[in-house]
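Undergrad: Have a look at this one.
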Amino acid sequence: MSVSGTIDGVRTTDQGETRIGIRVVDNNGAEHGIEMDTHGEIYIHQCDAYADKAADRTPQENEYNEQARRYAKYYVFRERGYPTIEPRQLPEWLVVVASAVAQLSPRVFEVHFGDYHQQLRSVVEPDVDPIVDVPEDDVAGLRVYLLNVHLDIDFEERLDEETLAELTRTVDSTADPDAVIQEIADALSGRPLDPDQLSIAGVSDVGVLYQGQTKEIEQEGDDPHPGPADARLELSPTGTPGEQYLSTEEFQILVVHHLLCQARDCYLQMGLEPPEPLRVLGLGRYRQTVRNEHLEMYEPVHGTTEAIEGYSLPEIGSHLEPNSV
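Residue numbers (the numbering used here): 4 to 328.
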């Protein structure tokens with residue numbers, strides 16, 4: 004994968020708004036001209052290689068277009084620092100969230116993630132009551148439960164250019180998926196974003212997202228915390244109904260693994276090959292999982308039973324197999 008980008012220029016509109024022009028070359032060799040504002044709103048997207056209307060493009064051509072738009076937002080954030088991308092869409096930031104979750108004691112983890120743990124347990128253990136009821140007849144495919152996670156820091160204020168660069172270097176240079184959490188902590192020690200000072204400010208109520216009989220159903224849980232979430236968990240239950248689900252300690256490991264898989268998917272959805280420590284197998288982002296299942300351009304990295312060259316299942320959560328229950 005070799006998506007690339009360059010900043011064409013910056014202009015000011017008659018209304019005084021800043022617009023950034025980006026040129027992106029996708030994995031099919033097609034060139035895209037994109038213009039967006041400083042908040043990531045895209046106003047112009049031109050590509051001579053594909054039809055103007057989505058209905059006249061193949062599914063793969065549509066996905067190349069979407070990859071270019073996602074990459075353009077990421078590229079502008081990386082190069083210019085404008086808030087063109089939400090925290091939970093930034094792969095380096097998801098690794099920071101994973102590091103914060105990994106450092107929690109089981110007691111503190113249970114305080115924040117206990118309801119979410121209970122929801123997934125309820126699907127497997129018949130004597131555990133669910134937090135969210137979903138009519139079983141409505142579910143036709145993949146189902147994931149949602150939880151917004153907020154760190155006790157300000158994303159835009161604390162993630163300066165130097166810190167982001169250090170995060171990127173660390174992720175790119177770490178070969179072992181199981182070591183990337185500690186490597187991130189070591190790399191950030193003493194910086195404005197010190198992992199020892201990271202904590203979970205709070206989480207949302209549990210929500211659900213699933214493929215229904217005729218359409219996709221998404222029910223977000225109430226979220227009293229201001230600002231965008233730093234991450235959103237999108238886990239599907241694991242295990243066989245009637246069995247005992249994961250303990251708190253095992254579930255914490257699964258959540259950390261899940262966040263690393265989400266970071267992997269952030270790269271994939273931009274048409275980029277993830278850095279080596281993020282080439283892990285397992286369930287990540289819901290929408291990328293759906294893409295993996297329907298578009299030949301993606302490998303089924305969300306599964307854990309099929310061998311995929313260059314990808315592995317780290318020791319954390321190696322006994323877990325996500326399913327659509």
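Think of the CB as a built atom: it goes at the ideal place given N, C-alpha and C, for glycine as much as any other residue.
1) How would you label residue 247, buried or exposed, when you count the other beta carbons within 10 angstroms and need 16 or more for buried?
2) How many angstroms separate the CA atom of residue 296 from the CA atom of residue 243?
3) Rounded to the nearest angstrom, how far is the Cβ of residue 203 from that of residue 123, given a contact under 8 angstroms?
4) Starting from residue 256 and walking both ways along the alpha helix (DSSP H), at which residues does that stretch end?
5) Residue 110 lies in the beta strand (DSSP E); which residues open and close that run?
6) In the structure shown, what three-state DSSP assignment does residue 239 receive?
7) Could you check if residue 172 is buried or exposed, using at least 16 other CB atoms within 10 Å of its CB as the buried criterion?
8) Whole angstroms are fine: how far does the CA of residue 17 sit from the CA of residue 147?
9) Using the C-alpha atoms, what's the distance from residue 60 back to residue 35?
10) To the nearest angstrom, how far is it from the Cα of residue 134 to the Cα of residue 70?
11) Please name the residue in 218, 275, 215 and 234 whose C-alpha comes closest to that of residue 207.
12) Would you mind stating whether residue 67 and residue 29 have Cβ atoms separated by less than 8 angstroms?
13) Suppose contacts are defined by Cβ-Cβ distances below 8 angstroms. Is residue 240 in contact with residue 127 by that definition?
14) Using DSSP with H/G/I as helix, E/B as strand and the rest coil, what is residue 315?
15) On a CA-only basis, which of 53, 21, 63 and 33 is nearest residue 46? Give me that one, please.
16) Output yes or no for whether 8 angstroms exceeds the beta carbon distance between residue 281 and residue 263.
17) Would you mind stating whether residue 75 and residue 8 have Cβ atoms separated by less than 8 angstroms?
18) Which partner residues of residue 341 appear in the DSSP bridge assignment?
19) Any idea which residues DSSP pairs residue 206 with across the strands?
20) Taking a contact to mean a Cβ-Cβ separation below 8 angstroms, would you say residue 251 touches residue 48 in this structure?
21) Give a single yes or no on whether residue 236 has its beta carbon closer than 7 angstroms to a heavy atom of the ligand HEM.
TA: If we stick to the structure as given:
1) Sequence index remark: in the sequence shown, residue 247 carries index 244 (1-based). Residue 247 counts as exposed, since fewer than 16 other C-beta atoms from the protein chains shown sit within 10 angstroms of its C-beta.
2) By 1-based counting over the sequence shown, the position of residue 296 is 293. By 1-based counting over the sequence shown, the position of residue 243 is 240. Rounded to whole angstroms, residue 296 to residue 243 spans 22 angstroms at the Cα level.
3) By 1-based counting over the sequence shown, the position of residue 203 is 200. By 1-based counting over the sequence shown, the position of residue 123 is 120. Contact doesn't hold; Cβ gap of about 18 angstroms is too wide.
4) Position 253 of the sequence shown, counting from 1, holds the residue named residue 256. Counting along the chain, residue 256 sits inside the alpha helix (DSSP H) bounded by residues 251 to 271.
5) What you label residue 110 is simply residue 107 of the sequence shown in a count that begins at 1. That residue, residue 110, is in no beta strand (DSSP E); its alpha helix (DSSP H) goes 109 to 127.
6) Start at 1 with the first residue of the sequence shown, and residue 239 comes out as number 236. Three-state result, residue 239: coil.
7) Position 169 of the sequence shown holds residue 172. By the neighbour-count rule (16 or more Cβ atoms within 10 Å), residue 172 is not buried but exposed.
8) Numbered from 1 along the sequence shown, position 144 holds the residue referred to as residue 147. Numbered from 1 along the sequence shown, position 14 holds the residue referred to as residue 17. Each residue's alpha carbon lies about 45 angstroms from the other.
9) Here residue 35 corresponds to residue number 32 of the sequence shown, with the count starting at 1. Here residue 60 corresponds to residue number 57 of the sequence shown, with the count starting at 1. Residue 60 has its alpha-carbon roughly 15 angstroms from the corresponding atom of residue 35.
10) Locating residue 134 in the sequence shown gives position 131, where the first residue counts as 1. Locating residue 70 in the sequence shown gives position 67, where the first residue counts as 1. When rounded, the distance between both Cα atoms is 35 angstroms.
11) Locating residue 207 in the sequence shown gives position 204, where the first residue counts as 1. When each option's Cα is compared against that of residue 207, the closest is 234.
12) Indexing the sequence shown from 1 puts residue 67 at position 64. Indexing the sequence shown from 1 puts residue 29 at position 26. Yes, these two residues count as a Cβ contact at 8 angstroms.
13) In the sequence shown, the residue the question calls residue 240 occupies position 237. In the sequence shown, the residue the question calls residue 127 occupies position 124. The answer is yes: Cβ separation under 8 angstroms.
14) Within the sequence shown, numbered from 1, the residue matching residue 315 stands at position 312. Strand.
15) To locate residue 46, count along the sequence shown from 1; it is residue 43. Cα-wise, what sits closest to residue 46 is 21.
16) Counting from 1 along the sequence shown, the entry for residue 281 is found at position 278. Counting from 1 along the sequence shown, the entry for residue 263 is found at position 260. Result yes, Cβ atoms of residue 281 and residue 263 sit closer than 8 angstroms.
17) To locate residue 75, count along the sequence shown from 1; it is residue 72. To locate residue 8, count along the sequence shown from 1; it is residue 5. The answer is yes: Cβ separation under 8 angstroms.
18) The question about residue 341 has no answer here: the residues shown for the chain are numbered 4 through 328.
19) As a first step, residue 206 is located in the sequence shown; it is residue number 203 there, counting from the start. Answer is 152.
20) Position 248 of the sequence shown, counted from the start, is the residue given in the question as residue 251. Position 45 of the sequence shown, counted from the start, is the residue given in the question as residue 48. Residue 251 is not a Cβ neighbour of residue 48, given a cutoff of 8 angstroms.
21) For the ligand HEM, the structure offers nothing, since it holds no ligand at all.
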